Each structure stands twice: as C-alpha cells, then as structure tokens.
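Asker: Numbering (our numbering), first residue to last: 177 to 669.
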RNA sequence: GGCGCGGUACCCAAGUGGUAAGGGAGAGGUCUGCAAAACCUUUAUACGUGAGUUCGAUUCUCACCCGCGCCUCCA
C-alpha cells in the first residue's frame, strides 16, 4: 500500500506520488535564527524528519532542502541591540540549531540561507514587476499585488474576494494598493542592514526567500513543501501567490503542516512560564532520545501535550526498547521457530501500514511493543532460537530507521550541551541529573568490561560481597548492571 | 466575529457503525544469592454533556460545555 498523507492544499488525505519517477523533491521551512530552538520548533522538525526518513524507507530518492532565515526584523533588531552585525548575531544560533537538531537525530537536509540569495531574490522581484505582479512604492519598497492572483487563499481556505481595503489597514503601509498586498522587499531604514541590488537598496521580505530558494534547488514545480501550521497563512499562501503567478505552474503539489504542541496543557509562552528550549530540558537532565520519542509519539497532525511526566514515560519506553535489543544479543540455541519468524514479519507489515496511514506513529509504536512483549515472553520460555534473532532485529531496525532512539549517544550529546552551559554563563543550570548521566561517559567500554569480568569471577566463586561491591561501584558511576541467564549485560544510565 | 482541530482509564495516547491498541504508573505474582531486567494477572459496562438517526454509536447528525489553532512575519 502506498503512503497516504494529508495535503493541506486539498484538505484531504491523498496518496503521495512524486511528480517524477521515484524521486521526491521536498522543501521545508527551517528556523529563523534569532534565539535557541524551543521544543515547539523541534516538534515540527522531528515531524518533517520522520516524513523524510519514511519516504526514504519506502524506497524514494530524496532531495530535501531546508532554509535558514538569517535575516528578518527580529534579527535586525536584536543584532542592533547587541551591537553586532546580522551575521555575527545569527552565527551562534545557527550553530546551536544544527547541534540541537543533531542531538535529536534529525537528519540534516541540504541547507540554504536567505542572506546568500539576496541577488536572486531581487531578480525574482524584478521579474514580478515586469509582469505587473508587483509594484514599487515611493520609499523604495516592493509589494506583491494579490489582486493579480485569483487563487489567493486556496491553501488557507480563505475567501478574499470582496475583501477590499478593510478596517484593518495598517497606517504605516498606506502606500499599498490593497491592505492584503505583502512586502517583497523593504526599503532600507537608517542603521539597519541593507543590500544593494538590481531593484535598489533594501532587504528582502520574509516570503520571497522560500520561493526563490526552493525553485532554484528543486525546480518551478516540486513535490512537497512542509512547515509548522502557523505558516499556512500568510507565509505559504504568499509563496504560492508569488511563485505561481510568475511561473504559471503549480508550485508545491503537497503541503505538509505539523500541528503546534501544548506544554502542560497550555499554549507554550514565555509569560506562562512553560517555554522551554531543547537546551533547557537537557540541562534539567532529560535525554534527547526521550524528547525525540515523546515528540514522535503523537501523530504530527494532532495537538501534542508535552509534559514532564510524559517525558519520563517516554524515557521508560525507550529504555524498554533498548533493553530488548540488548537482550537479543544473548546466546540462543541453534535453529529457528516459526512463531518468531512470523511475528517479525507481521510486525514489519504493521509498521509499514501504520506509517503509510498518514504517518501514524502511535500505531507504529504499538506494533513494535507488541513484538517486544511477545519476543520477551518467548525468551523467558526458552523458545527463541538463534535464527530468530536476525528477523526480530530487522523489524526493530525498521522501527528505528524512523524513530531513531535506540542508539544511545545521549550522554555524549548532553555533555556537549553541558559544555555550552559552562561557557555561556549557565553552569548553575546544570542539574544533578545531568551530571549523573554525563558521568556515565567517564568510564570507557573497555574499563567497564574489565570490571565486569572481575565481578563475574567473584560471583562464580560465590564471593557475593566482592561481586556486589563491584556492582555498587559501577552503579555509582551510572552504569547499570543486569545479571541474567543469558549472561551479564550492562548499559549506561 | 469568520474558518478549522480536538475532548478516550491515574498520566500520555491509537482506533472502529456491532460493544475499547500501545506505553507509563499502581497492585499482586513468577523468576532470581541479592539487585536489575523480563514475563503473567489486574486497573474504562465505557470513549466531554444532552438529544437524534440506526437492529445497534465511542465511532454518523444536531445542540451545548470545555481546550486549542489561524485570521499582519510564533514551528
């Protein structure tokens, strides 16, 4: 069964098929780098990452482009306040964003930056003006004339017919022909960043960068355009207007939007005190894998209630999956069992069906846990054979190619953020929990294995006091020991 | 006000016109030198409230209550 996705443009769930062969060209709106990324941002980026990963797993080739908006009003304002130029100001946050995304195992798409495409944007605007689709105002700004694009409102399902200059005309923008006309290019203001261009000095408006960069990289028509739900209007609506009126072709065919999340049941906001960057959470001791798992556990079109209790539950879920994989590395008798082979097959099928169904990640999780429980029970009963392990691992891998939480590099990623906190004046925010997790990275695998050999020897000699002492020592170093029938296993806290 | 989404057990959360996935937490048990892990049993006469359609609704319709989103650059 093919992938079915909700398309904001049609308002329906549709079968997703690329325009050309098996190659998907997708563009995702990335961050505006004026601050550290918060978990709301990352909800969207995790959703897009899951889409990206699943498209690939489904056999598609992928050309995935994401922009970084490194110039806008807020950046200009903040940079001015900080007394640095725009590039200096954004460099820090760009770097942080990419690090945070990597901590969450978000695969890095091809990245394009607004400030590297100023000339192309100006040319694009010049072409719009030539066609009478845009106009220049007295101060040197340029606006798009929405009256020239009859399809305006088709994405956000708004009817702008008859909406002439209404009551909400912005007094600062009296020069516009219509209140809805949006800025393509803003004339320079004194002391603000501005660029010379074929259409005069100034800086680009917000929407133009995505039209220019997406078409440059992906062509005038491409498969899929993604972003947070807030971008539907006006950002994506405006991209469609300026792009399609210029090329006469359909811009993106599929529009994918992730819903906003709630934090502790309320809209996240700084004033409500429930505003968290990824780094805030890591400093409190929450693992990136727990955060990713929680963000991924609610299908992208549903409102996700992000809670600290949920974060702990997610951590427990991830741990259970990791324990299971560890358990499969034990020794089992030769042979294979029909039950396990078919369990793995069924699970693989359920995973595909769940994700084909508009990326139903909650159902995919249910499928993998059903398998884990059944396989664990089989291990307890001694019914698992050596040849059952590869198919079970394959199903687990199939799951993890999408969810990406099984490989434990949490301590490493968290250490990175702790180092940042130390150098950024936030060392006081490093929680004991974070210190504890990081400390588990202090011992190397070899060192741990060596101590475990000593522990095993003591145990074999029934010197329990000595064995327990070594275990306690490792526990104190945030290494968790499990002594089982299949041998001694260990993992980092 | 306009348009749209949602309200499922202690928490998170799938789902279906025929009587409720999964995870976490709690309780009891099995295993075990102890611990950990794992497994088993158990926790919704019930899916916001009221009415309607139907042989039958949590699932469809309507009303109401509550939460949330967009409607000038917040993912």
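Glycine is no exception: its CB is placed at the ideal position from the N, C-alpha and C atoms.
Please read all numbers here as calculations on a predicted model, not as lab measurements.
Please go through the same chain and pick out, in chain order, the residues whose beta-carbon is closer than 6 Å to the beta-carbon of residue 426, but skip the five residues on each side of it.
Answerer: Around residue 426: 397.
Asker: Can you name the start and end residues of the beta strand (DSSP E) that residue 404 belongs to?
Answerer: Where residue 404 is concerned, the enclosing beta strand (DSSP E) stretches over 398 to 404.
Asker: What number of angstroms, rounded off, separates the C-alpha of residue 642 from the C-alpha of residue 478?
Answerer: So the alpha carbons of these two residues sit roughly 53 Å apart.
Asker: Per DSSP, residue 199 is paired with what?
Answerer: Its beta-bridge partners are 196, 237.
Asker: How would you write the range of the alpha helix (DSSP H) that residue 425 sits in, first residue to last?
Answerer: It is not in any alpha helix (DSSP H) - residue 425 carries neither H nor E in the DSSP assignment.
Asker: Determine the burial state of residue 246: buried for a count of at least 16 other Cβ atoms within 10 Å of its Cβ, exposed for fewer.
Answerer: Classification for residue 246: buried.
Asker: Quick check: the Cα distance between residue 121 and residue 580, rounded to an integer number of angstroms?
Answerer: With the chain represented from 177 up to 669, any question about residue 121 goes unanswered, as that position is not in the structure.
Asker: Taking DSSP's pairing of strands, which residues face residue 533 in a bridge?
Answerer: DSSP, once it has assigned bridges, lists 180 as partnering residue 533.
Asker: Using the Cβ count rule (16 or more neighbours within 10 Å means buried), how would you classify residue 225?
Answerer: The residue is buried, with at least 16 neighbouring Cβ atoms inside 10 Å.
Asker: Return yes when at least one heavy atom of the ligand ZN lies under 7 Å from the C-beta of residue 433, else no.
Answerer: As far as ligands go, the structure on display features none, and thus does not contain the ligand ZN.
Asker: Give the secondary structure of residue 498 by DSSP, where H, G and I count as helix, E and B as strand, and everything else as coil.
Answerer: Three-state DSSP puts residue 498 in a helix.
Asker: How far does the beta strand (DSSP E) with residue 273 in it extend, from its first residue to its last?
Answerer: Counting along the chain, residue 273 falls outside any beta strand (DSSP E), though it belongs to the alpha helix (DSSP H) covering 262 to 279.
Asker: Pick out the complete beta strand (DSSP E) segments inside the segment 279 to 321, 3 residues or longer, and give them in chain order.
Answerer: You should have 286 to 289, 310 to 312, 318 to 320.
Asker: Have a look at 194, 409, 216, 191 and flag the residue whose alpha-carbon is nearest the alpha-carbon of residue 452.
Answerer: With distances taken between Cα atoms, residue 452 lies closest to 216.
Asker: Note down the Cα distance separating residue 532 from residue 306, rounded to an integer number of angstroms.
Answerer: Going by the C-alpha atoms only, they are around 44 Å apart.
Asker: Starting from residue 356, trace the beta strand (DSSP E) both ways and give me its first and last residue.
Answerer: Counting along the chain, residue 356 falls outside any beta strand (DSSP E), and DSSP gives it neither H nor E.
Asker: Beta strand (DSSP E) containing residue 581: first to last residue?
Answerer: It is not in any beta strand (DSSP E) - residue 581 carries neither H nor E in the DSSP assignment.
Asker: Is it true that the CB of residue 182 sits closer than 8 Å to the CB of residue 534?
Answerer: Result yes, Cβ atoms of residue 534 and residue 182 sit closer than 8 Å.
Asker: Rounded to whole angstroms, what's the CA-CA distance from residue 522 to residue 620? Just pull it up for me.
Answerer: When rounded, the distance between both Cα atoms is 38 Å.
Asker: Should residue 663 go down as buried or exposed, given a rule of 16 or more other Cβ atoms within 10 Å for buried?
Answerer: Per the 10 Å Cβ criterion, exposed.
Asker: What is the residue span of the alpha helix (DSSP H) that residue 454 lies within?
Answerer: Here the alpha helix (DSSP H) through residue 454 covers 454 to 459.
Asker: Residue 164 bridges to which residues according to DSSP?
Answerer: Beyond the ends of the chain as shown, which are 177 and 669, falls residue 164; an answer cannot be given.
Asker: Go through its chain and collect everything with a Cβ distance to residue 443's Cβ below 7 Å, but skip five positions before and after it.
Answerer: Counting only Cβ-Cβ distances below 7 Å, and skipping sequence neighbours, we find nothing.
Asker: Alpha carbons only, please: which of 264, 379, 277 is nearest the one belonging to residue 675?
Answerer: Any question about residue 675 goes unanswered here, given that the chain covers just 177 to 669.
Asker: In or out: residue 475 buried (at least 16 other Cβ within 10 Å) or exposed?
Answerer: Burial call: buried.
Asker: What residues in its chain sit with their C-beta under 7 Å from that of residue 656, if we drop five residues either side in the sequence?
Answerer: Within the same chain, residue 656 has close Cβ partners 666, 667, 669.
Asker: Residue 222 and residue 472 look like a contact to me (Cβ under 8 Å); what is the Cβ gap, rounded to whole Å?
Answerer: At roughly 6 Å, the Cβ-Cβ gap stays under 8 Å, so residue 222 and residue 472 are in contact.
Asker: Rounded to whole angstroms, what's the CA-CA distance from residue 464 to residue 583? Just pull it up for me.
Answerer: Approximately 11 Å between the Cα atoms of the pair.
Asker: Given a threshold of 16 other Cβ atoms within 10 Å of its Cβ, counted over all protein chains shown, does residue 243 qualify as buried or as exposed?
Answerer: The residue in question, residue 243, is buried, as its Cβ has 16 or more Cβ neighbours within 10 Å.
Asker: Report yes or no: do the segment 487 to 500 and the segment 604 to 612 share at least 3 C-beta pairs separated by less than 8 Å?
Answerer: No: fewer than three Cβ pairs fall under 8 Å.
Asker: Per DSSP, what are the beta-bridge partners of residue 443 in this structure?
Answerer: DSSP lists 438 as partners of residue 443.
Asker: Going by beta carbon distance, what residues of the same chain come within less than 6 Å of residue 437, once the five residues before and after it are set aside?
Answerer: Within the same chain, residue 437 has close Cβ partners 216, 219, 480, 482.
Asker: Mapping the DSSP letters down to three states, classify residue 188 as helix, strand or coil.
Answerer: Note: residue 188 maps to strand in three-state DSSP.
Asker: What is the residue span of the beta strand (DSSP E) that residue 664 lies within?
Answerer: Residue 664 -> beta strand (DSSP E) spans 663 to 668.
Asker: By the 10 Å Cβ neighbour count, where 16 or more other Cβ atoms means buried, how is residue 403 classified, buried or exposed?
Answerer: So residue 403 counts as buried.
Asker: What is the residue span of the beta strand (DSSP E) that residue 660 lies within?
Answerer: Unbroken beta strand (DSSP E) run through residue 660: 655 to 660.
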